[in-house]
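Mapped onto UniProt numbering, the consecutive letters of the sequence shown carry residue numbers 1 to 400. What follows is a short report on a single structure.
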Amino acid sequence: MAHYRQLGDIPPKRHTQHRNPEGGLYYEELMGEEGFFSDSSLLYHRGIPSAIVDARPWELPDLTTTPNLPLIPRHLKLHTLSEGEEWKDTDVVTGRRLVLGNADVRISYAVAGAPSELYRNGLGDECVYVESGAATVETVFGSLVVGQGDYVIIPRATTHRWVPSGDEPLRAYCIEANSHITPPKRYLSRFGQLLEHAPYCERDLRGPVGPLVVDGTDVDILVKHRGPQGVVGTRYTVPHHPFDVVGWDGCLYPYAFNISDFEPITGRIHQPPPVHQVFEGNNFVICNFVPRKVDYHPLSIPVPYYHSNVDSDEVMFYCGGDYEARKGSGIGQGSISLHPGGHTHGPQPGAYERSIGAEFFDELAVMVDTFRPLELGEAATASEDANYAWSWSGGRGPAR
1 MAHYRQLGDI
11 PPKRHTQHRN
21 PEGGLYYEEL
31 MGEEGFFSDS
41 SLLYHRGIPS
51 AIVDARPWEL
61 PDLTTTPNLP
71 LIPRHLKLHT
81 LSEGEEWKDT
91 DVVTGRRLVL
101 GNADVRISYA
111 VAGAPSELYR
121 NGLGDECVYV
131 ESGAATVETV
141 FGSLVVGQGD
151 YVIIPRATTH
161 RWVPSGDEPL
171 RAYCIEANSH
181 ITPPKRYLSR
191 FGQLLEHAPY
201 CERDLRGPVG
211 PLVVDGTDVD
221 ILVKHRGPQG
231 VVGTRYTVPH
241 HPFDVVGWDG
251 CLYPYAFNIS
261 DFEPITGRIH
271 QPPPVHQVFE
281 GNNFVICNFV
291 PRKVDYHPLS
301 IPVPYYHSNV
311 DSDEVMFYCG
321 GDYEARKGSG
331 IGQGSISLHP
341 GGHTHGPQPG
351 AYERSIGAEF
361 FDELAVMVDT
371 FRPLELGEAA
381 TASEDANYAW
391 SWSGGRGPAR
């Protein structure tokens with residue numbers, strides 16, 4: 001987003017000589033979006049940033065998907081994907097398991113305890129929500145210390161790695177775009193400042209600290225990029241460590257934002273989902289539902305009304321509290337619900353009536369709405385609760 005930062009050693013004027021203590025030149029790299037017509041940053045490297053000494057294929061985790069046929073709502077229990085000790089040897093990059101995806105966005109889940117290799121996503125920005133655990137995200141811009149409730153926004157082509165910390169597994173909900181991920185345009189002035197009606201502001205955003213300068217030779221970087229038939233991977237070997245940036249400035253860099261700093265917008269009657277929006281990408285939005293005071297009209301019904309997703313698939317990741325509208329469905333911490341476009345959905349039986357008179361909801365969830373249909377990844381198939389689709393009918397479903 002367009003919020004200027006400066007870190008480390010940079011020259012007074014851009015695109016001019018910047019020399020190291022020995023008199024040699026640092027190498028300036030422009031990292032920019034949309035063909036020089038959007039946000040950018042200038043980074044100053046000790047080595048040539050385009051140098052590689054080897055390139056070979058990197059076999060990605062399984063990214064195959066199957067259509068949601070027949071069209072039904074689905075409940076996925078992500079915590080069942082890692083019930084043993086295998087997380088200790090798993091990392092956030094290669095350990096991602098695809099839950100849902102389409103041509104615009106892929107949603108994966110990882111439970112990790114090991115440091116990842118250096119990684120760069122050349123397809124789009126990433127938004128990683130930390131469900132639990134802690135980590136340091138090391139990047140060419142510096143380091144971010146992140147923990148439970150943090151969104152981590154990583155711009156396209158940012159070389160970085162995840163280093164979990166502590167004794168607990170790092171549970172990461174990974175939203176990978178084929179575009180950029182930004183605050184909603186309606187929150188921003190025409191110059192890019194977050195406006196007064198936005199539910200968060202620049203003070204809530206944490207940028208990298210550093211610089212992070214690491215020595216090393218013949219270092220590998222995993223790169224995810226476009227291929228002739230979809231997403232493919234390449235493993236580069238570079239002659240010097242990519243964390244060699246002595247300084248940078250600009251408006252493009254990774255940052256963290258904690259969900260607890262989102263200030264909910266409430267009203268006398270039920271507010272529609274756009275008031276919960278936190279980020280957006282091409283053909284999808286990210287919203288969050290946080291603990292909040294609920295509708296205070298004397299005749300209000302605080303849980304959502306029944307609604308048809310005419311234009312979108314709705315994905316809800318339940319990551320804390322007690323989600324009032326889903327009581328009785330089996331949904332709990334670590335669950336995902338998928339309510340597809342073309343299907344009418346809403347609160348579980350009894351929740352509509354029970355919510356009358358409620359003054360506060362203690363719930364925490366991250367929602368992704370997509371404007372093209374989502375297909376099921378292998379992690380969805382492996383974690384599905386097959387009874388969920390029939391929960392509005394008292395469990396009455398087809399004979400199995």
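In this text, a Cβ means the ideal position worked out from N, Cα and C, and glycines have one as well. As the structure is a computational prediction, the values presented were derived from the model and not from experiment.
From the options, residue whose alpha carbon lies closest to that of residue i
i, options, result
"D244", "P264, T217 and F257", "T217"
"L205", "E126, R354 and L194", "L194"
"S329", "I181, L76, T16 and G23", "L76"
"residue 415", "G395, D385 and W390", "With the chain covering only 1 through 400, there is no way to say anything about residue 415."
"residue 401", "D295, G84 and D39", "This structure does not reach residue 401, given that the chain is present from 1 up to 400, and the question cannot be answered."
"E85", "A112, L338, V213 and R226", "A112"
"L100", "S393, V366 and L338", "L338"
"G133", "V146, F262 and F361", "V146"
"Y323", "S308, V290 and P183", "V290"
"F317", "K327, D311, N309 and I331", "I331"
"K353", "P70, Y305 and N288", "As written in the sequence, residue 353 is Glu, which differs from the Lys given in the question. Of the candidates P70, Y305 and N288, the one whose C-alpha sits nearest the C-alpha of E353 is Y305."
"G334", "V93, S82 and Q277", "S82"
"E240", "D215, V232 and D261", "Checking the sequence shown, residue 240 turns out to be His, not Glu. H240 has its Cα closest to that of D215, out of D215, V232 and D261."
"F360", "R292, T234 and T344", "R292"
"G8", "G395, V246, W392 and I265", "V246"
"P242", "K224, P211 and Q229", "P211"
Residue i - containing alpha helix (DSSP H), residue span
i, result
"A351", "A351 to R354"
"A386", "A386 -> no alpha helix (DSSP H), and no H or E assigned at all."
Per-residue burial, residue i [other beta carbons within 10 Å of its own, 16 or more giving buried]
i, result
"P347", "buried"
"G20", "First, the amino acid is wrong: residue 20 is Asn here, not Gly. The residue is exposed, with fewer than 16 neighbouring Cβ atoms inside 10 Å."
"Y388", "buried"
"R106", "buried"
"I48", "exposed"
"G23", "exposed"
"D154", "The amino acid at residue 154 is misidentified as Asp; the sequence shows Ile. Burial call: buried."
Whole-Å CB distance - residue i paired with residue j, under 8 Å assumed
i, j, result
"L43", "V140", "6 Å"
"A55", "T90", "No, A55 and T90 are not in contact; Cβ-Cβ is about 26 Å, not under 8 Å."
"D249", "L118", "With 8 Å as the limit, D249 and L118 do not qualify as a contact, their Cβ atoms being about 23 Å apart."
"I301", "H345", "So it is not a contact: roughly 16 Å between Cβ atoms."
Range of the contiguous beta strand (DSSP E) that encloses residue i
i, result
"E363", "E363 to T370"
"R96", "Careful: R96 lies outside any beta strand (DSSP E) and carries neither H nor E."
"R5", "R5 to G8"
"I154", "D150 to I154"
"H240", "G230 to H240"
"F317", "D313 to G321"
Can at least three beta-carbon pairs, one atom from the segment 153-163 and one from the segment 247-264, be found at a separation below 8 Å? yes
Any 3 or more C-beta pairs closer than 8 Å across the segment 58-67 and the segment 33-49: no
Between the segment 169-181 and the segment 113-128, do three or more beta carbon pairs fall short of 8 Å? yes
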